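I have placed the structure first, in the form of structure tokens, so that the comments after it can refer back to it.
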Amino acid sequence: MLKKDRYKAFVDYFSTHNPDAETELHYSNPFELLVAVILSAQCTDKRINQVTPALFTRFPEPESLAASTPEEVFTYIRSVSYPNNKAKHLVGMAQKLLAEFDGVVPEQVEDLVKLPGVGRKTANVISSVVYDKPAMAVDTHVFRVSNRLGLTSRATTPLAVEKQLVKHLPEETIKIAHHWLILHGRYICLARRPKCEICPITYFCQYFGKNFGKPVIEKA
DNA sequence: ATCCCGAGGG
DNA sequence: CCCTCTGGAT
Numbered sequence: 017m018l019k020k021d022r023y024k025a026f027v028d029y030f031s032t033h034n035p036d037a038e039t040e041l042h043y044s045n046p047f048e049l050l051v052a053v054i055l056s057a058q059c060t061d062k063r064i065n066q067v068t069p070a071l072f073t074r075f076p077e078p079e080s081l082a083a084s085t086p087e088e089v090f091t092y093i094r095s096v097s098y099p100n101n102k103a104k105h106l107v108g109m110a111q112k113l114l115a116e117f118d119g120v121v122p123e124q125v126e127d128l129v130k131l132p133g134v135g136r137k138t139a140n141v142i143s144s145v146v147y148d149k150p151a152m153a154v155d156t157h158v159f160r161v162s163n164r165l166g167l168t169s170r171a172t173t174p175l176a177v178e179k180q181l182v183k184h185l186p187e188e189t190i191k192i193a194h195h196w197l198i199l200h201g202r203y204i205c206l207a208r209r210p211k212c213e214i215c216p217i218t219y220f221c222q223y224f225g226k227n228f229g230k231p232v233i234e235k236a
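Counting with our numbering, you get residues 17 to 236 for the letters of the first sequence.
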């Protein structure tokens with residue numbers, strides 16, 4: 017199957033079956049989403065959603081977070097991965113947000129990555145979800161699923177996957193395709209044991225074609 | 001033992 | 001490129 021046809025099959029399937037895909041992180045404004053995405057590194061969204069209600073009540077805007085300390089923030093996020101690093105990042109992020117961006121979550125990826133705790137993946141999420149830009153955030157799911165499906169080939173870094181996806185996807189689908197790949201990776205195309213037996217898109221999946229798509233030899 | 005919507009530093 | 005951070009689920 018040609019890559020072009022694989023992309024078409026991918027967009028056709030998900031635009032029909034999941035036209036409203038969106039993040040599972042709970043938030044009510046750009047600042048909260050930024051905090052939630054910073055916390056989400058190497059952690060499940062489900063766990064993030066368990067700590068953010070109390071966190072957002074105590075720190076509803078950048079001012080209160082900037083005036084706090086990593087030690088206090090730590091007490092709210094101790095159950096997520098890397099709580100020490102993230103507590104430090106969150107306070108630093110809020111301080112820089114106030115000092116350099118007037119407390120407003122910036123729109124451009126180049127500005128977002130200047131904030132502590134914000135790398136390219138987080139910056140792309142904010143740019144895409146908050147500001148509706150055609151940015152492709154490549155996390156562990158997007159990276160794995162893109163390579164398995166065959167949307168990317170020989171992509172060994174997240175940046176390479178990002179560039180290939182942005183190049184081949186119709187621009188208006190880039191934003192939602194991120195969520196399609198995430199959700200597919202989270203619930204079906206699992207890292208350790210992909211659930212190919214219940215996967216609805218094996219008909220255009222390169223991984224399935226290579227591993228399970230061989231013609232079955234009927235026993236006599 | 002490996003993975004979860006990674007980032008920072010060497 | 002590598003390493004560290006380092007909680008909870010499977």
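Where is the CB? At the ideal position from N, CA and C, for every residue including glycine. The structure presented is a predicted model; accordingly, all values stated were derived computationally and were not measured.
Fewer than three Cβ pairs drawn from the segment 125–136 and the segment 24–32 lie within less than 8 angstroms of each other, which leaves the two stretches out of contact. The segment 45–119 is shown to contain no whole beta strand (DSSP E) run of 3 or more residues.
DSSP, reduced to helix, strand and coil, places D148 outside both helices and strands of the structure shown, so it counts as coil. Here the C-alpha atom of S162 lies approximately 24 angstroms from the C-alpha atom of L55.
In this structure, DSSP gives T156 a helical state, which the three-state scheme calls helix. N227 sits in a helix when the DSSP states are folded into three classes. Membership of L175 in the alpha helix (DSSP H) is indicated by the continuous run P174 to H184.
The residues F47, in chain order, have a CB closer than 7 angstroms to that of E77 in the same chain once the five nearest residues on each side in sequence are set aside. Taking each of P132, A193, R74 and F224 in turn and checking the Cα distance to K112, the smallest one comes out for P132.
Just measuring C-alpha positions, the residue of P174, M152, H157 and H184 sitting nearest L167 is H184.
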